[in-house]
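Undergrad:
Residue numbers (UniProt numbering): 1 to 331.
1. Thinking C-beta only, is residue 102 closer than 9 Å to residue 140?
2. Check the Cβ-Cβ distances between residue 259 and every residue of chain C, and say whether any is below 9 Å.
3. Identify, in the order they occur along the chain, each residue of the same chain with its Cβ nearer than 6 Å to the Cβ of residue 163, setting aside the five sequence neighbours on each side.
4. As an exercise, report each continuous beta strand (DSSP E) stretch of at least 3 residues that is fully enclosed by the segment 204-285, in chain order.
5. Can you pull the DSSP bridge partners for residue 126?
6. Assuming residue 88 and residue 143 make a contact with CB atoms under 8 Å, what is their CB distance in whole Å?
7. Please state the DSSP three-state secondary structure of residue 109.
8. What whole-angstrom Cβ distance do residue 233 and residue 253 have, given they're in contact under 8 Å?
9. With a Cβ-Cβ cutoff of 9 Å, do residue 175 and residue 82 count as a contact?
10. I'd like the ranges of any beta strand (DSSP E) spanning at least 3 consecutive residues and lying wholly in the segment 127-168.
11. Determine the DSSP secondary structure at residue 289, reduced to helix, strand or coil.
12. Report all residues from its chain with a CB closer than 8 Å to the CB of residue 240; omit the five preceding and five following residues, and keep chain order.
13. For residue 321, which beta-bridge partners are listed by DSSP?
14. Based on the DSSP secondary-structure assignment, which residues constitute the bridge partners of residue 42?
15. Could you check what DSSP says for residue 187 in three-state terms: helix, strand or coil?
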């Protein structure tokens with residue numbers, strides 16, 4: 001259920017990205033949706049508010065008002081929703097000050113904040129309310145990551161004592177436990193690195209590693225959130241810095257591969273498969289949204305610069321969910 005892994009990344013020429021996998025147990029008629037400026041969006045049941053900025057992102061669009069899982073706005077602020085079970089706590093007050101549904105937080109912030117600092121200030125004016133939604137039929141436990149063109153990022157976690165905002169010192173986010181736990185857990189793995197171990201000589205024998213990669217011994221390979229956090233952090237710390245945006249996109253999708261979940265590898269208690277529905281790399285510098293789907297590995301892109309930001313209607317690019325293969329010697 002909305003598992004997901006996310007990280008920030010930059011290139012030599014300072015193209016900045018927020019990337020993520022979207023891990024879920026079902027497909028929900030999703031697509032990239034462009035929202036124009038000054039558009040009225042639902043923030044909670046039966047309440048609309050007009051936003052300032054245009055933005056685009058992946059959303060469940062077959063609703064009166066799409067529900068966004070992630071996105072980037074015209075000012076270069078990007079955000080994503082990730083699952084936070086066992087920890088997320090929302091206000092029960094029906095008349096909560098500036099109340100926002102948990103699945104409406106990303107779209108609300110992107111529509112109204114032009115920078116990371118503005119997003120932080122905006123969180124001081126709202127409360128995330130205990131309200132279900134039409135997609136899941138339950139109240140989803142969520143936390144959020146936001147980043148802008150500076151490369152900075154924050155983690156926003158609705159906990160029992162209120163909304164906590166953490167400066168993302170690692171540039172990585174997965175799921176439960178909370179961010180501070182993941183940050184502290186990294187200290188157990190500071191010896192993991194890309195360099196192969198040197199042979200050890202005893203009095204009678206030399207012991208050498210079984211091939212390359214011995215420096216990564218101990219890096220967890222399972223799909224739990226703590227292990228995915230560690231693998232994602234390892235990739236972020238050690239993957240080569242790309243030269244430019246396109247090289248960055250290529251590198252990011254390779255970096256997401258170690259936490260991508262194929263169907264059948266993770267089965268929920270209800271018997272459903274959790275799998276990576278799509279992966280995305282959002283460039284906060286060029287305002288381009290790159291993505292690929294489980295059933296279509298071709299990388300596609302939607303650019304906010306190419307959109308009519310003063311349009312009065314939503315523009316929708318549905319997921320194709322069909323593999324594209326170039327047959328080089330087809331019959």
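Every residue gets a Cβ at the ideal spot worked out from N, C-alpha and C, and that includes glycine. The model shown is predicted, which means the values in this text are computed figures rather than measured ones.
TA: According to the structure data:
1. Here the question's residue 140 lines up with position 140 in the chain shown. Here the question's residue 102 lines up with position 102 in the chain shown. Yes. Within cutoff.
2. Within the model displayed, chain C is absent; a lone protein chain is all it includes.
3. One-based indexing of the chain shown puts residue 163 at position 163. Cβ within range, chain order: 123.
4. The DSSP assignment places 273-283 as complete runs of the beta strand (DSSP E) inside the segment 204-285, in order along the chain (cut-off: 3 residues).
5. As a first step, residue 126 is located in the chain shown; it is residue number 126 there, counting from the start. For residue 126, which the question treats as bridged, DSSP gives no partner whatsoever.
6. As a working note, residue 88 is residue 88 in the chain shown. As a working note, residue 143 is residue 143 in the chain shown. So it is a contact: roughly 6 Å between Cβ atoms.
7. Residue 109 sits at position 109 when you count from the first residue of the chain shown. It is helical.
8. In the chain shown, the residue the question calls residue 233 occupies position 233. In the chain shown, the residue the question calls residue 253 occupies position 253. Taking C-beta atoms under 8 Å as the contact rule, residue 233 and residue 253 fail to qualify, at a distance of about 18 Å.
9. Taking the first residue of the chain shown as position 1, residue 175 is located at position 175. Taking the first residue of the chain shown as position 1, residue 82 is located at position 82. Contact: yes.
10. Within the segment 127-168, the runs of beta strand (DSSP E) that reach at least 3 residues and sit entirely inside it are, in chain order, 142-147, 153-159 and 162-167.
11. Stepping through the chain shown from its first residue, residue 289 is reached at position 289. In the structure shown, residue 289 sits in a strand (DSSP, three-state: E or B).
12. Position 240 of the chain shown, counting from 1, holds the residue named residue 240. Here the set comprises 251.
13. Translated into positions along the chain shown, residue 321 becomes position 321. Residue 321 pairs with nothing; no bridge assigned.
14. Stepping through the chain shown from its first residue, residue 42 is reached at position 42. 48, per the DSSP bridge assignment.
15. Translated into the one-based positions of the chain shown, residue 187 becomes position 187. Correct three-state label for residue 187: helix.
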